[in-house]
Each structure stands twice: as C-alpha cells, then as structure tokens.
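Here the structure is laid out as structure tokens; the discussion comes afterwards.
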Amino acid sequence: MTITITPAANERMRHFLAGAPAAAGVRFGVKRTGCSGFAYVVDLAESIGEGDQVVDVDGLPLIVNDKSLALVEGTVIDFQRQGLNASFVFHNPNATGECGCGESFTVS
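Written as structure tokens, this is what we have:
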C-alpha cells in the first residue's frame, strides 16, 4: 500500500497523537456520504481491528481498513492553512470526480 503524507500533514497528525498517547495511530479511510459518494475520514484510532492494515509512513502509524484500501491507494495527504481555515487536503489518483463543495468524491 502506498500512501504519502506531506511534512505538514505528518506534523499535524503527530500533534494529535501526542495528545492521545493511548491511540494506536491515525485512522485514514473513507465513508459513504455526500453528493459524490465517498468522503475521507482522518481520526485517531483507539485500537487496531480485524481487517485493518497498519502502514508506517515516515514513522507515523497509519491505519487503513480493508474496505477503504482500494479507494485510497496512492493518495497524498497534505495539511494546508488558508487564512483562518486549516484542513487536510487529499490528492487521490483513484478519484474520478468531486462534488462542488470538495467534501466528497467519486470513484468509477
């Protein structure tokens, strides 16, 4: 599995992990939602479940479940600040379309 995390995203994820020392890592995946079908999920993982893949990305434990794996393979995760807003930004080679608001994506 190949997922890339930019230095800015890595720093932000490490900040979250530092505040939750019992966390198993950062969970990255997708859920069905939005007008285009899928939305990204980035959250702290309390545990590693059956069907989870753990990938070490530059020393950061990234946990992806089997259902999300094919949809996020090759994704680059960035963290960007624009004015007062800050958010993770995803560059997914599997996405074939996005909704107008940028909250969800489609895979054909």
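For the sequence shown, the working numbering begins at -18 and goes up steadily by one. Ideal Cβ positions, reconstructed from N, Cα and C, are used throughout, including at glycine. The model shown is predicted, which means the values in this text are computed figures rather than measured ones.
Asked: First and last residue of the uninterrupted beta strand (DSSP E) at residue 28; Found: Unbroken run through residue 28: none, as it is neither H nor E.
Asked: Closest by C-alpha distance to residue 46, when choosing among 89, -9, 40 and 12; Found: 12
Asked: Bridge-paired residues (DSSP) for residue -17; Found: Per DSSP, none; premise fails for residue -17.
Asked: Residue -9: first and last residue of the uninterrupted beta strand (DSSP E) it sits in; Found: Taken as a continuous stretch (DSSP letters only), residue -9 belongs to no beta strand (DSSP E), being part of the alpha helix (DSSP H) at -12 to -1.
Asked: Residues of its chain near residue 56, where Cβ-Cβ distance is below 6 Å and the 5 sequence neighbours each way are ignored; Found: -16, 71 and 73
Asked: 9 Å Cβ cutoff met for residue -7 and residue 69; Found: yes
Asked: First through last residue of the alpha helix (DSSP H) which encompasses residue 49; Found: 47 to 53
Asked: Other residues of its chain near residue 7: CB distance less than 8 Å, five sequence neighbours each side excluded; Found: -6, -3, -2, 23, 24, 25, 26, 41, 42, 43 and 44
Asked: CB contact flag (residue 58, residue 5, <9 Å); Found: no
Asked: Whole-number beta carbon distance between residue -18 and residue 50, since they are thought to touch under 8 Å; Found: 6 Å
Asked: Cut-off 7 Å between Cβ atoms - residues of its own chain near residue 1, not counting five sequence neighbours on either side; Found: 25
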